[in-house]
């Protein structure tokens, strides 16, 4: 009996991605539509996937009568120092954003809605 190139099976949607054959898969559409957040709240659900045994780096799911390609997620190790630098940079961006909003509001109305204390570290 000849083996088929494309096979179908069942995968589980989880908080970490679509779990299939010991791998997690995702794509930008599922992230935008908050599938994984919903998976964390509901405990996940099952979807039919189309795959080939010859390639583990992608699978397909059917959405709105169209096949959508999901790519395998590659785990990345991040050091504590990298995490701290990331969060520090995010805090700096938030402060700059607040300052920009403050300046724009002041230009529009002539008075700020709130004050930024320059001596305080945010």
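Numbering (our numbering), first residue to last: 1237 to 1358.
Backbone N, C-alpha and C fix where the C-beta goes; we use that ideal spot for every residue, glycine too.
Around the beta carbon of residue 1299, fewer than 16 other beta carbons sit within 10 angstroms, so the residue counts as exposed. Apart from the 5 residues on each side of it in sequence, residue 1294 sits with its Cβ closer than 6 angstroms to the Cβ of 1305 and 1307 in its chain, given in chain order. Counted as a single uninterrupted DSSP element, the beta strand (DSSP E) harbouring residue 1281 occupies residues 1281 to 1288. Going by DSSP, residue 1245 is part of no alpha helix (DSSP H) but of the beta strand (DSSP E) stretching over 1243 to 1250. Secondary structure note for residue 1298: its beta strand (DSSP E) is the uninterrupted segment 1291 to 1299. Rounded to whole angstroms, the gap between the alpha carbons of residue 1261 and residue 1311 is 11 angstroms. Per DSSP, residue 1270 lies in no alpha helix (DSSP H) segment and is marked neither H nor E.
Contact between residue 1284 and residue 1244 holds, with the beta-carbon distance rounding to 6 angstroms and staying under 8 angstroms. By the 16-neighbour rule on beta-carbons within 10 angstroms, residue 1266 is buried. For residue 1241, the closest C-alpha among the options 1344, 1264 and 1292 is that of 1292. In the structure shown, the three-state DSSP call for residue 1254 is strand. Per the C-alpha coordinates, the member of 1246, 1269 and 1336 positioned closest to residue 1258 is 1246.
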